[in-house]
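This report concerns only the one structure given below.
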Amino acid sequence: MPPGASLIKHMEVYSRINNDSSAALTSCCEFFSIVCRSGASLLSPAAVVPRTRFPPSIVCAAWEKVAVADITHTNNVNGNGSSADNGKGKRLSIAYSPEWMALREHTKEVQKLHLKDLLIDEERTESLIREHNGLYVDFSRQNMTENTLQLLLNLAERAKLRTKMNAMFAGEHINSTEDRAVLHTAMRAPRDARVYVDGEDVVPGIWEVLDRIKDFTEKVRSGEWVGVSGKPLTDVVAVGIGGSYLGPAFIHTSLQFDEGCKAAARGRRLRFLANVDPVDVAKALHELDPETTMVVVISKTFTTTETMLNARTVRTWLTTELALQGYKEADAVSKHMVAVSTNIPLVKEFGIDPENAFGFWDWVGGRYSVTSAVGVLPLALQYGFPKMEEFLKGSHDIDVHFRDAPFERNIPVLMGLVSIWNSTFLARSSVAVLPYCQALAKFPAHIQQVAMESLGKQVSADGDPLPFKAGEIYFGEPGTNGQHSFYQLIHQGRMVPAEFIGTIKSQQSVYLRGEEVSNHDELMCNFFAQADALAMGKSSDELRGEGVPERYIPHKTFSGNRPSTSILLPGVNPYTVGQLLALYEARVAVQGFVWGLNAFDQWGVELGKVLATRVRKTMSEARTKMRRIQITDGYNPSTRKMINRYLDGKQQLLYPEPKDVFPCDMIHSEGCTVDMSDGEEEQ
-9 MPPGASLIKH MEVYSRINND SSAALTSCCE FFSIVCRSGA SLLSPAAVVP RTRFPPSIVC
51 AAWEKVAVAD ITHTNNVNGN GSSADNGKGK RLSIAYSPEW MALREHTKEV QKLHLKDLLI
111 DEERTESLIR EHNGLYVDFS RQNMTENTLQ LLLNLAERAK LRTKMNAMFA GEHINSTEDR
171 AVLHTAMRAP RDARVYVDGE DVVPGIWEVL DRIKDFTEKV RSGEWVGVSG KPLTDVVAVG
231 IGGSYLGPAF IHTSLQFDEG CKAAARGRRL RFLANVDPVD VAKALHELDP ETTMVVVISK
291 TFTTTETMLN ARTVRTWLTT ELALQGYKEA DAVSKHMVAV STNIPLVKEF GIDPENAFGF
351 WDWVGGRYSV TSAVGVLPLA LQYGFPKMEE FLKGSHDIDV HFRDAPFERN IPVLMGLVSI
411 WNSTFLARSS VAVLPYCQAL AKFPAHIQQV AMESLGKQVS ADGDPLPFKA GEIYFGEPGT
471 NGQHSFYQLI HQGRMVPAEF IGTIKSQQSV YLRGEEVSNH DELMCNFFAQ ADALAMGKSS
531 DELRGEGVPE RYIPHKTFSG NRPSTSILLP GVNPYTVGQL LALYEARVAV QGFVWGLNAF
591 DQWGVELGKV LATRVRKTMS EARTKMRRIQ ITDGYNPSTR KMINRYLDGK QQLLYPEPKD
651 VFPCDMIHSE GCTVDMSDGE EEQ
């Protein structure tokens, strides 16, 4: 019998013969001491209570006294929750704490409550609403009480959340697997701030890059910097993937119809090329003139396979077209291509002048990089640097709130704790992000990466298996489109916590004479109604009272009691978009800190890259040698057959003499049309 099972068997017997609290506490303490000394699989209060007659309070008290106080183990951890071989012992998972146990017990109480009853309580509602600098966040439609909130705050204290947050802002290397600081927040710090990494104040360097971006973008926008033929560069193609694309694309889409941004971007176009699919290349370059096009290649390492292939493709398109007019490749690249990267040697090798490269730092993760040159450069080319300064100020506003506000008033902390409550304690594995604002259409996709790449982990920061499921599946669409798509499941299918995002003011005013409300009012009527529909539901008795035939009642009944958070913004402009971005970034960090995992690495994306490299070499060899994939190539039968089917379908096991081939839509061609309905056309 495993040591842990043997010990808990001992506890079962002991609890039957020791009923007084003093003896019970002593017994529990002895039990946990034996566990710690034996090196057996650690048993939490949650594992012990159901198997014994000891009250939960006694088990938690013993755990607090013995196990949590000072547990030594083989590996070690520093105060921030990351690995450090310092001989001081390994920190236990938060799941073994009394606070965790208290929340597990509390779920039994909450599951008996219905939101239609909870929402009657004015005092509870008021206690679950938070405001900060124009943001209004309502947690009252969550399956929680004021006591739930206090228990979650206790959990945050147990997790040393404040200590971990301070370590992040102080530039400590909290990204343990890559031995890096995590300081995307420094990218929006004001010029007079002081932020240190390894003893060096990084703010002057950050502003040196921002000043260069300001100078460069003003030259391009004013026509002082022109293309090789002397024409102004009015079109920009940003080449990047993942965080180098999703964040900047979200910001771009959100600002296109802001009155000030629209005026600043008049006559300019910004497009993004992310997917290596040649269709995306064709779409990005459709009807662009190489003489007026600037290309921004965005890659931290300048080795990302998809980005660099796309960059080479666009470079070839650019230089081939300009060569027809007699311009040399080097001259074309120097005037039409710039880079955002930390790898200057590879930038130079690619052919881009290092003077035309804008850097950032390895302590800025890709999915957190939109407030660095990654986003600021292409967006400033489109909207002007002053608009990007407003955006950075909005992000910094939330950074300060996150860093300084007490937890009970701290919006990103509360959002993170509510997510932990829903996903870990109430077993709800998804989150629907539902912006009732078309300008925020690309926000769910960006947050999908921020959250899922950060929190989709199976081990703690120490490398130990997590004793619970971490992370949620994020998805979403703008309202009201989503209502006619997937809301059916949210209302009558699986339990999916929702996050509604609305605005008080629209970027566009449309009010038709004779209509009851404006177009934006109609949108927001649905914003308010959907949150209540999820919470309140509709009972069979209500349906009968309305005269609904009995046979339809099971189909028309809504159970309700489905949780949501509502976020109301004053409007969508550079400042509020910066706030929204930083709000969700910080919320994800909170979840990682409390769960005890590293939210700032992403090893899960590496294996697929390695295997793709292998397939690439095999495919190239098969075509070159005119052969099929064999068993000896080492692929499983399924993969081998599928690759061969692909090659056969191409009807070309051997490529002809190498040449540059482009889809018709990349070169100006009659009869080619591309749908640009995602709003990336000229302002």
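Under this note's numbering, think of the first position of the sequence shown as -9, with each following residue one higher.
Each residue gets a CB set at the ideal place from its N, CA and C atoms; glycine is no exception.
Since the model is a prediction, treat every value here as computed from it, not as a measurement.
- Query: So, using beta-carbon positions, are G461 and M442 closer together than 8 Å?
  - Reply: Indexing the sequence shown from 1 puts residue 461 at position 471. Indexing the sequence shown from 1 puts residue 442 at position 452. Against a cut-off of 8 Å, the Cβ pair of M442 and G461 comes out as a contact.
- Message: Quick check on M616: buried or exposed, where buried means 16 or more other Cβ atoms within 10 Å of its Cβ?
- Response: To locate residue 616, count along the sequence shown from 1; it is residue 626. Looking at its Cβ environment, which holds fewer than 16 other Cβ atoms inside 10 Å, M616 is exposed.
- Tell me where the beta strand (DSSP E) around V287 begins and ends. Residue numbering aside, residue 287 sits at position 297 when the sequence shown is read from its first letter. V287 -> beta strand (DSSP E) spans T283 to I288.
- Message: I need the DSSP call for G492, collapsed to helix, strand or coil.
- Response: Residue numbering aside, residue 492 sits at position 502 when the sequence shown is read from its first letter. Of the three classes helix, strand and coil, the one that applies to G492 here is strand, per DSSP.
- Item | Closest Cα partner of Y317 within the set G220, D270, T243 and V286 | Taking the first residue of the sequence shown as position 1, residue 317 is located at position 327. Measuring from the Cα of Y317, the nearest candidate turns out to be G220.
- Message: Tell me the DSSP secondary structure of N165 in three-state form.
- Response: Translated into positions along the sequence shown, residue 165 becomes position 175. It is a strand residue.
- Task: Out of D128, S450 and F392, point me to the one whose CA is closest to G586's CA.
- Result: To locate residue 586, count along the sequence shown from 1; it is residue 596. Checking every option, the nearest Cα to that of G586 belongs to S450.
- When you compare each of F583, V199 and P487 to F129 by their alpha carbons, which one comes out closest? Residue mapping note: residue 129 aligns to position 139 of the sequence shown, counting from 1. Selected option, being the one with the closest Cα: P487.
- Under the DSSP definition of a beta bridge, which residues are partnered with F240? What you label residue 240 is simply residue 250 of the sequence shown in a count that begins at 1. For F240, which the question treats as bridged, DSSP gives no partner whatsoever.
- Host beta strand (DSSP E) of L559 (start-end): Numbered from 1 along the sequence shown, position 569 holds the residue referred to as residue 559. Note, L559: beta strand (DSSP E), S554 to L559.
- Item | Continuous beta strand (DSSP E) stretch holding D387: start and end | Stepping through the sequence shown from its first residue, residue 387 is reached at position 397. That residue, D387, is in no beta strand (DSSP E); its alpha helix (DSSP H) goes F375 to D394.
- Beta-carbon proximity of V366 to I203, cut-off 8 Å: What you label residue 366 is simply residue 376 of the sequence shown in a count that begins at 1. What you label residue 203 is simply residue 213 of the sequence shown in a count that begins at 1. Yes.
- Query: Which residues in the same chain have their Cβ closer than 6 Å to the Cβ of M405, if we skip the five residues on either side of it in sequence?
  - Reply: Within the sequence shown, numbered from 1, the residue matching residue 405 stands at position 415. Counting only Cβ-Cβ distances below 6 Å, and skipping sequence neighbours, we find R577.
- Nearest-angstrom Cα distance between N76 and G550? By one-based count along the sequence shown, residue 76 stands at place 86. By one-based count along the sequence shown, residue 550 stands at place 560. Model confidence at N76 stands at a pLDDT of 31, short of 50, so the residue's coordinates are unreliable; what they give is reported in the following sentence. If you take the alpha carbons of N76 and G550, they lie about 51 Å apart.
- Item | Cβ-based neighbour list, S419, same chain, cut-off 8 Å, excluding 5 preceding and 5 following | Residue numbering aside, residue 419 sits at position 429 when the sequence shown is read from its first letter. Contacts found: S413, K459, E462 and I463.
- Where the beta strand (DSSP E) through S420 begins and ends: Looking up residue 420 in the sequence shown gives position 430. It spans S420 to P425 - the beta strand (DSSP E) in which S420 sits, taken as one unbroken run.
- Rounded separation between L108 and M284 - CA only: Position 118 of the sequence shown, counted from the start, is the residue given in the question as residue 108. Position 294 of the sequence shown, counted from the start, is the residue given in the question as residue 284. The straight-line gap from Cα to Cα measures roughly 56 Å.
- Cβ-based neighbour list, G661, same chain, cut-off 6 Å, excluding 5 preceding and 5 following: Numbered from its first residue, the sequence shown carries residue 661 at position 671. Model confidence at G661 stands at a pLDDT of 39, short of 50, so the residue's coordinates are unreliable; what they give is reported in the following sentence. Excluding positions up to five away in sequence, the list is empty.
- Message: Alpha carbons only, please: which of P402, V323, T493 and L93 is nearest the one belonging to L430?
- Response: Position 440 of the sequence shown, counted from the start, is the residue given in the question as residue 430. The option with the nearest alpha carbon to L430 is T493.
- So V440 is in the alpha helix (DSSP H); what residue range does that whole segment cover? Here the question's residue 440 lines up with position 450 in the sequence shown. Counting along the chain, the alpha helix (DSSP H) containing V440 begins and ends at F433 to L445.
- Item | Validate contact between the segment 518 to 529 and the segment 586 to 602 using beta carbons, cut 8 Å, 3 pairs | No, they do not touch.
- Query: Going along the chain, which residues of its own chain have a beta-carbon closer than 8 Å to the beta-carbon of G472, five neighbours each way excluded?
  - Reply: Counting from one through the sequence shown, the residue named residue 472 turns up at place 482. Excluding residues within five positions, the ones whose Cβ falls inside 8 Å are A422, L424 and G466.
- Can you tell me whether Q497 is buried or exposed, with buried defined as 16 or more other CB within 10 angstroms of its CB? Here residue 497 corresponds to residue number 507 of the sequence shown, with the count starting at 1. So Q497 counts as buried.
- Message: Cutting at 6 Å between CB atoms, please list the residues of its own chain near Y501, excluding the five before and the five after it.
- Response: Taking the sequence shown and counting its residues from 1, one reaches residue 501 at position 511. Within the same chain, Y501 has close Cβ partners S508.
- Query: Can a CB atom of chain B be found closer than 8 Å to the CB of I231?
  - Reply: No chain B appears in this structure, which consists of one protein chain only.
- Message: Could you compute how far the alpha carbon of I241 sits from the alpha carbon of I491?
- Response: Residue mapping note: residue 241 aligns to position 251 of the sequence shown, counting from 1. Residue mapping note: residue 491 aligns to position 501 of the sequence shown, counting from 1. The alpha-carbon separation between I241 and I491 amounts to approximately 16 Å.
- Determine the contact status of E258 and T224, defining contact as a CB-CB distance below 8 Å. Locating residue 258 in the sequence shown gives position 268, where the first residue counts as 1. Locating residue 224 in the sequence shown gives position 234, where the first residue counts as 1. Note that residue 258 is Arg in the sequence shown, not Glu. Contact: yes.
- Message: For L141 and A92, which I take to be in contact (beta-carbon distance under 8 Å), what is that distance rounded to the nearest angstrom?
- Response: Residue 141 sits at position 151 when you count from the first residue of the sequence shown. Residue 92 sits at position 102 when you count from the first residue of the sequence shown. The Cβ separation is near 6 Å, so the contact holds.
- Is A329 closer than 8 Å to V364 when the C-beta atoms are compared? Walking along the sequence shown from the start, residue 364 turns up at place 374. Walking along the sequence shown from the start, residue 329 turns up at place 339. The answer is no: Cβ separation not under 8 Å.
- Message: Our contact map puts D623 next to T608 with C-beta atoms below 8 Å; I'd like the distance itself, whole angstroms only.
- Response: In the sequence shown, residue 623 corresponds to position 633, counting from 1. In the sequence shown, residue 608 corresponds to position 618, counting from 1. Between T608 and D623 the Cβ distance is about 6 Å, and since that is below 8 Å, they are a contact.
- Message: Does the contact criterion of 3 or more C-beta pairs under 8 Å hold for the segment 378 to 387 versus the segment 562 to 578?
- Response: yes
- Is the beta carbon of W90 sitting closer than 8 Å to the one on L125? Sequence index remark: in the sequence shown, residue 90 carries index 100 (1-based). Sequence index remark: in the sequence shown, residue 125 carries index 135 (1-based). The answer is no: Cβ separation not under 8 Å.
- To which residues of the same chain is S341 closer than 6 Å at the C-beta, ignoring the five residues directly before and after it? On the sequence shown, position 351 is the one that residue 341 refers to. In the sequence as presented, Ser is not what sits at residue 341; that position holds Gly. Hits under 6 Å: V323.
- Tell me whether M134 sits in a helix, a strand or coil according to DSSP, three-state version. The sequence position of residue 134 within the sequence shown is 144, counting from 1. It is coil, neither helix nor strand.
- Query: Taking just the CA atoms, how far does A157 sit from L445?
  - Reply: Counting from 1 along the sequence shown, the entry for residue 445 is found at position 455. Counting from 1 along the sequence shown, the entry for residue 157 is found at position 167. Taking the straight line from one Cα to the other gives about 19 Å.
- Would you decide whether S385 is buried or exposed? Buried here means 16 or more other CB atoms lie within 10 Å of its CB. By 1-based counting over the sequence shown, the position of residue 385 is 395. The residue is buried, with at least 16 neighbouring Cβ atoms inside 10 Å.
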